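Take a look at the structure below.
Residue numbers (this note's numbering): 189 to 530.
Below, the structure written as structure tokens:
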């Protein structure tokens with residue numbers, strides 16, 4: 189069977205791209221392939237933060253573009269986006285930089301104005317660090333639910349979706365790519381987009397271009413208050429996200445382990461728990477008893493930690509590093525540009 193476009197990988201980036209293409213070019217025949225169930229490969233939540241530091245002009249523009257597009261796309265597929273949230277930036281080392289952009293988080297200097305159950309009471313000024321507030325700098329989606337909505341919209345519009353399907357061979361045969369699956373099914377497509385996140389090296393073996401890094405997400409078993417902020421630990425690639433529906437917090441920690449193979453079992457180690465406590469203990473010593481279960485996964489980073497969309501016969505999306513909700517719509521537009529569609 190022949191297609192105009194085949195997308196391998198149905199995370200937020202792949203599904204967003206498919207929806208954008210279909211909306212703009214509804215006559216294009218499209219195939220989507222995913223080795224797992226929809227949303228199975230995602231962490232529970234995809235968080236999007238817009239900190240003023242360490243972001244290139246390109247990333248800032250992508251975030252701005254995506255912030256507008258995702259509102260329209262979510263409405264079209266029937267997903268209700270949570271409200272944006274304020275973010276507290278926590279740092280010991282980058283105070284002189286962050287204070288150029290953000291005001292001090294006064295509610296952490298004087299917690300008498302904060303509800304009694306707020307996590308803010310656990311962060312005490314005398315322990316260390318400086319705290320600054322970014323109004324509306326945080327957003328997130330329930331990654332699995334959002335992926336399901338994106339996929340359902342495509343199915344309702346007649347696009348072909350194959351889940352639990354492994355691509356065993358991808359090759360160019362004349363004007364078409366040939367895609368062979370583990371069930372020996374053969375598809376042909378004029379263009380192919382590979383957006384498989386940490387599974388990218390299956391198709392693009394140059395590991396100098398992008399590598400996988402281990403990420404751990406811990407539950408903090410404290411119920412968030414209604415107006416609690418998210419917290420970003422600027423010095424440690426970590427954040428705390430309030431999950432009101434689940435009545436807990438999510439602590440995301442980027443591990444020091446590189447070269448993770450997502451096809452092999454990834455486990456949470458005692459060293460990961462030590463690292464989580466080490467990050468928290470810079471600013472508070474009150475969390476140890478509340479750290480609960482953890483999930484672990486791999487994120488894909490490009491060599492420059494920027495999302496890259498490059499065409500080498502097929503179009504490869506590298507370095508999404510869990511940034512779907514932040515950058516997927518803008519990345520989808522870059523992919524459409526690489527396709528050369530007008």
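Positions of the beta carbon are idealized from the N, C-alpha and C atoms, including for glycine.
Keep in mind that this is a model prediction, so the values were computed, not measured.
For residue i, the residue or residues it bridges with in DSSP
i	result
residue 276	321 and 419
residue 326	237 and 273
residue 489	399
residue 221	196 and 350
residue 429	438
residue 502	500
residue 226	Its beta-bridge partners do not exist; DSSP assigns none.
residue 482	406
Beta-carbon proximity list for residue i, same chain, < 6 Å, skipping 5 on both sides
i	result
residue 282	422
residue 195	202, 206, 220 and 381
residue 350	221
residue 515	250, 254 and 495
residue 468	475
residue 190	376
residue 314	For residue 314, the predicted structure reports a pLDDT of 45, less than 50, and the residue's modelled location is therefore unreliable. The matter cannot be settled from this model.
residue 434	none
residue 258	517
residue 368	356, 357 and 374
residue 269	262
residue 424	467
Closest residue to residue i among the options (Cα-Cα distance)
i	options	result
residue 235	408, 273 and 206	273
residue 499	417, 278, 530 and 379	379
residue 416	362, 424, 429 and 472	429
residue 308	505, 524, 521 and 473	473
residue 246	524, 503, 418 and 497	497
residue 214	411, 342 and 420	342
residue 276	427, 457, 264 and 505	427
residue 464	452, 438, 489 and 446	438
residue 306	519, 461 and 410	410
residue 361	519, 244 and 502	502
residue 442	311, 210, 462 and 244	462
residue 226	289, 286 and 353	353
residue 345	513, 479, 197 and 217	217
residue 198	365, 460, 440 and 336	336
Delimiting residues of the beta strand (DSSP E) encompassing residue i
i	result
residue 464	Per DSSP, residue 464 belongs to no beta strand (DSSP E); it is in the alpha helix (DSSP H), 458 to 469.
residue 192	190 to 196
Sequence-distant residues of its chain with Cβ nearer than 7 Å to residue i (five each side left out)
i	result
residue 481	407
residue 450	386, 387, 400 and 486
8 Å Cβ shell around residue i - same chain, five flanking residues per side excluded
i	result
residue 454	402, 448, 484, 485 and 486
Host alpha helix (DSSP H) of residue i (start-end)
i	result
residue 283	283 to 286
residue 247	245 to 265
At what residue ranges does the region 331 to 411 contain a whole run of the alpha helix (DSSP H), taking only runs of 4 or more? 331 to 344
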